[in-house]
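Residue numbers (our numbering), protein chains in the order written: chain G, 14 to 458; chain H, 163 to 450; chain S, 540 to 865.
Yeah, the Cβ is synthetic: ideal placement off N, Cα and C, and Gly gets one too.
Since the model is a prediction, treat every value here as computed from it, not as a measurement.
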Amino acid sequence: MRKFLAVVLSLAMALTAMLAAVPAFAADEGVINVYAFTTEVPDMIQKFIDSNPDFGYKINTTIIATTDGLYQPALDQALAAGGADAPDIYCAESAFILKYAQGDMSEYAMAYSDLGIDIDNAIAAADIAKYSVDIGTRPSDGKVVGLGYQATGGAFIYRRSIAKDVWGTDDPAAIAEKVGPGWDKFFAAAAELKTKGYAIVSGDGDIWHAVENSSESGWVVDDKLVIDPKREAFLDLSKQLKDNGYSNDTQDWTEAWYADMKDAGAQKVFGFFGPAWLINYVIAGNSGGTQPGEGTYGDWAVCNPPIGFFWGGTWVLANKDTQKADAVKQIIEWITLDTTEDGLQYKWANGTLNGEGGTKDTVASGTVMAKSNGELAFLGGQNMFDIFVPANQFANGKNLTQYDENINSIWRDWVRQYTAGNCTREEALASFKQAVTDTLGIEAQ
Amino acid sequence: MSTSKIALKHSNDMRKGANPIIYIVCIILGLLSLFPFWVMVCNATRSTYEIQAHAISFLPSVSLPTNYEILNGKTFNAVSGFFNSLIVSTGVTFCSVYFSTLTAFALIAYNWKLRQAFFTLILAVMMIPAQVISIGFYQFMYKIGMTNNFLALILPAIASPMTVFFMRQYMLPALSLDLVAAGRIDGAGEFRIFNQIVIPIMKPAMATQAIFAFVNSWNELFLPMILLTRKENYTMPIMVSLLKGDIYKTEYGAVYLALTLSVLPLLVVYLTLSKYIVAGVALGSVKG
Amino acid sequence: MAKTRVKAVSYAKYGYLFSLPFIVAYLIFSLYPTLYTAVIGFTDLKGVARNFKFLAEPFKNFSIILNNVTFQNSLVNTFEIWIMNFIPQIALSLLLTAWFTSRARRIRCQGAFKVLFYLPNIITSATVAILFATMFGYPIGPINDILVSTGMIEAPFNFLTSPIAAKLVVAFIQFWKWYGYTTIVLISGALGINPELFESAEIDGARPSQIFFRITLPCMRTILVFTLITSLIGGLNMFDIPKLYIMDGGPADATKTASVFIYTQAFKGAYLYNRAAAASMIMFVIIAICSAVVFFIMRDKHEVQQKRDERRAKRIHSKRLEGLAE
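Next up, the structure:
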């Protein structure tokens, strides 16, 4: 024990010595603080710095995953505390961007125009999707405080072979006619697919984003909870999917959901609702292959969804207190509005940011996508931009609130209870209202 | 109660040695404990998409090098994370175990006026739910400029109510005040009596609490994440959390590899300290 | 008598001196946050605002919380899940302690078993939660696959939307994660017992079970109090697993414990710090009352009796003195 104590004591002493040796951090002149939840934006900024040797700044990144629920508390604290460690640039994703661009934290954001960006003309020139601008506009003064680099307008991503089996064609225009527009046609198509033993989607989560985005009003209007009829109808849509066997009754982001991307589920699944990132980061990897012919790879195509929607996305904001507005401006402009071949978005759309052959993704600027090549082997050679550029125009950025992340999760929990037969429709609605009032302090209308 | 019945039933033939049922129960429990470990180790060798398809597998795969590459990429520095965690956890362990034993000694060996009030206060502190307190704590740390300072994570451990409570409860029957008196007769000062007489008696208790303190501090994510904003200060759990990023971009294989790596030091600490949680360690000093 | 009292007084200063580090650290690091929490329960602090003012009706937040159906429900959940995990946990831990501290049974590989039992506590809750959620996956998942392929059920069962199943799984995880901890605490408590007691019992021919119930358990009373109190506090503050296993206490709030409720008040969407603080204080009172009950039940009856006798003797003595004076 004495030995143990000695070890502990000496460690403690070493520790004190080390702490004493840590220099007090002074405000670094040439450092830009970036808060982000993935390495994506920091990596971009690093690329910018590498390709602009005269830029004269370094970046210090604080990355905090959203998955542990700590990004927002940490960011809020850092913004409120200010000082040398405060972020100059910070990122927000669709789940919580409203809070930073329009809600409680929007006062901390600097308007793009105050950074010296000619914002209206730049947005028009880059042809930025309207939903993205709407979300990034602060209502108190009508100024744009956040824009993205990725466009996340959604499409219907379907299986070519199943389309041919059921309707004799896999042409995106023809399939779009079959599955939409509107839920009635979608469920008619589901019934047709069912006769041949196919499920139209994997689970009710797949249609949720389209349902959510189609509503007239958001969850909260004038501090009261509002259940838009189109969102309320999700109860019935979800129930229909399960009771008729139109889905495999999976939940998104679970094993069974991934399994449906390579025909490993109970029934083969016809399609998924999603933006380009769902193809790139989720379906492709889970298709059971890496080139056409393997698994379901190459057997996919995209068409217009029955109802326009968007899903996800990252917005980039600047701190109103930043001391390096000029540098911040250069970075933000390069990421969100630069339409040249040297701009971030051109490289992002063509998958060339980290050298040739990278992942192609849809970007915020329609101008950039128009001059880029979006052909994917995974989609059987289809140019995804043909579908995704218009998809971005169908998306609605006006029915969101800063409470959406939490209200959605409560809502979907109760819809699942109803669909599973654990409660009646009325009970589900009543419990949902009760839960929202109790956890968020928002009364039902 | 069924437990006592089982215990009674087995006790009849105890003299001959342990009942096989004891081994069967222990082995089943042991397998239950090993299960997540084995899955974790296997997943460390599997790719993200393999894990998404079947998160639970008892067979290793071939993606260990890829996972290691991701792990040692730009944002993840396992070595510095390890040392940061080691500094914090060792500091916390030392502060909480040593000072809690000292506080417990004060509560037991001396008769002072505020003793009962102090003990009640310690119990009360232990009972306050931690979530909201933490908000006040980190706001305060930001206010006094203790961000990016390990001391903000270490020094609060000097006041660890639960450890004091344990030490007191352990010391009550284990420490004979005659021993303390004997020490005084030998001319030892009070502090020396504590270090040379009391601490050896407390070895099993200190080892137990050291394990708990170390494990808890090693796995702590919330406060380090909010208080440490500079990459060079990140602890292991922060680095693991970084790999999770966003739901559609989680590098599961690397996450499991990082988890496996971050558990290894805990095992070493546990194995080292559990030597003291065996019969015979405390016996030498207890008399009367 | 007078002599010892003088002695006790002269050593009392060490009591203060040795408690000083604790007190100083507490004052510096914890007092402010605690007071802050106690105070904001009476204010209108919410959202990202840093300024607050006191409410005209000081107990408004408290009455809102007490009338909050979700909070009431979370209290019930907390007790249910705690009892479901604590009773088997303490039973198993005591059994293991009896086996592992028995001098008659020399169990082989004791060290290895002790390491194994504590393993579940070493892995982070996040990992444990993910693994269990995957195990009980629906419609595809290891447990469902086994149940369906062995014909025990016909179609996959949705463990993740069933409130009862979710509660049971959370209780099981808590049990599995903490029985090793409890066992180690109890074993270390048993090691503090004077071995002469065991030796004399053995000489008297006591069986292991008799030794355990007549000597080990009574001598471990103080550590049992610790185990009960800390399990109670830990159980009523149960947070990680219920929060992580199914999204913040789902499905249908079946695993929403009081702590998860407090967390969602403070950190989710609306940032109702004032109500979270009020709920924390209410929980504090509930825990304190429950702990007081445990302390009362587990009090050392001998000691209490002794003290009472002393007091009575004193009273009689003083009465007698009064009588003499009259």
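How would you list, in chain order, the residues of chain G whose beta-carbon sits under 7 Å from the beta-carbon of residue i?
{"i": "S/K807", "result": "N419 and T452"}
{"i": "S/A705", "result": "The contacting residues do not exist; S/A705 stays about 11 Å from chain G at best."}
When the cut-off is 8 Å and only beta carbons count, does residue i lie next to chain G?
{"i": "S/F675", "result": "no"}
{"i": "H/A215", "result": "yes"}
{"i": "S/A668", "result": "no"}
{"i": "H/V448", "result": "Its pLDDT being 43, under 50, H/V448 is placed unreliably by the model, and the measurement read from it follows with that caveat. H/V448 does not count as touching chain G."}
{"i": "H/F267", "result": "no"}
{"i": "S/N697", "result": "yes"}
{"i": "S/V609", "result": "The sequence shown places Thr at residue 609 of chain S, not Val. Yes, its Cβ sits closer than 8 Å to a Cβ of chain G."}
{"i": "S/M786", "result": "yes"}
{"i": "S/D684", "result": "no"}
Taking the alpha-carbon of residue i as reference, which of the options has the nearest alpha-carbon?
{"i": "S/R589", "options": "S/L811, S/K653 and S/K706", "result": "S/L811"}
{"i": "G/A135", "options": "G/D184, G/L350 and G/F283", "result": "G/L350"}
{"i": "G/G161", "options": "G/S422, G/Q395, G/A408 and G/I348", "result": "G/I348"}
{"i": "G/E388", "options": "G/F109, G/T263, G/V428 and G/K373", "result": "G/K373"}
{"i": "G/W313", "options": "G/V54, G/I72, G/A277 and G/F391", "result": "G/F391"}
{"i": "G/L291", "options": "G/D241, G/Q163 and G/N65", "result": "G/Q163"}
{"i": "G/D11", "options": "G/G321, G/I400, G/N435 and G/E418", "result": "Nothing about residue 11 of chain G can be reported from this structure: the residues present for chain G run from 14 to 458 only."}
{"i": "G/N409", "options": "G/L83, G/E439 and G/V224", "result": "G/V224"}
{"i": "S/F652", "options": "H/I189, H/S403 and H/W274", "result": "H/I189"}
{"i": "G/A49", "options": "G/M57, G/Y70 and G/A105", "result": "G/A105"}
{"i": "H/Y211", "options": "H/F197, H/E413 and H/S262", "result": "H/E413"}
Mind pulling the chain S residues with CB within less than 8 Å of residue i?
{"i": "G/N261", "result": "P678"}
{"i": "H/Y432", "result": "V654, Y657 and I661"}
{"i": "G/A93", "result": "V587 and R589"}
Is there a Cβ from chain H that is less than 8 Å from the Cβ of residue i?
{"i": "G/Q304", "result": "no"}
{"i": "G/P36", "result": "With a pLDDT of 41 at G/P36, under the threshold of 50, the modelled position of that residue is not reliable, and the figure given next carries that caveat. No - not a single Cβ of chain H is within 8 Å of the one on G/P36."}
{"i": "G/G298", "result": "yes"}
{"i": "S/A740", "result": "no"}
Reducing DSSP to helix, strand and coil, say where residue i ends up.
{"i": "G/Q264", "result": "coil"}
{"i": "G/R438", "result": "helix"}
{"i": "G/L330", "result": "strand"}
{"i": "S/Y720", "result": "helix"}
{"i": "G/Y84", "result": "helix"}
{"i": "H/T434", "result": "helix"}
{"i": "S/I712", "result": "helix"}
{"i": "G/A25", "result": "Caution is warranted here: a pLDDT of 47 is assigned to G/A25, below 50, making its placement in the model unreliable, and no coordinate value can be reported."}
{"i": "G/A40", "result": "Residue placement at G/A40 cannot be trusted, given a pLDDT of 48 that sits under 50; what the coordinates show is reported in the next sentence. Residue state, collapsed to three classes: coil."}
{"i": "G/C316", "result": "strand"}
{"i": "S/S798", "result": "helix"}
{"i": "G/I76", "result": "strand"}
{"i": "G/R172", "result": "strand"}
Would you mind telling me which residues of chain B sit closer than 7 Å to residue i, beta carbon to beta carbon, in chain order?
{"i": "H/I320", "result": "Judged by its chain identifiers, the structure shown contains no chain B, and its protein chains are G, H and S."}
Quick check on the DSSP output: the alpha helix (DSSP H) that includes residue i runs from which residue to which?
{"i": "S/F639", "result": "V608 to T640"}
{"i": "H/W274", "result": "No alpha helix (DSSP H) holds H/W274; DSSP gives it neither H nor E."}
Find the residues of chain S that neighbour residue i, judging by a C-beta separation of less than 7 Å, and give them in chain order.
{"i": "H/W274", "result": "A551, G554 and Y555"}
Beta strand (DSSP E) containing residue i: first to last residue?
{"i": "G/F286", "result": "G284 to G287"}
{"i": "G/L160", "result": "G159 to G161"}
{"i": "H/R392", "result": "That residue, H/R392, is in no beta strand (DSSP E); it is neither H nor E in DSSP."}
{"i": "G/I102", "result": "I102 to E106"}
Who are the neighbours of residue i on chain G, taking C-beta pairs under 8 Å?
{"i": "H/L423", "result": "Simply none; closest approach about 18 Å."}
Strictly below 7 Å CB to CB, what residues from chain H border residue i?
{"i": "S/G744", "result": "Near S/G744 there are no residues of chain H at all, since even the closest Cβ is about 11 Å away, more than 7 Å."}
Is there a C-beta anywhere in chain S that falls below 8 Å from the one on residue i?
{"i": "H/V259", "result": "no"}
{"i": "G/Q264", "result": "yes"}
{"i": "H/L285", "result": "yes"}
{"i": "G/E268", "result": "yes"}
In chain H, which residues lie less than 8 Å from residue i when you measure between Cβ atoms?
{"i": "G/L83", "result": "L383, F384, M387, I388 and S403"}
{"i": "G/A377", "result": "Under the 8 Å cutoff, chain H gives no residues; its nearest Cβ is about 18 Å from G/A377."}
Going along chain S in order, which residues have a C-beta closer than 9 Å to the C-beta of residue i?
{"i": "G/Q447", "result": "V608 and T609"}
Closer than 9 Å by beta-carbon distance: list the chain G residues that pair up with residue i, in chain order.
{"i": "H/R392", "result": "F38, N73, T75 and D98"}
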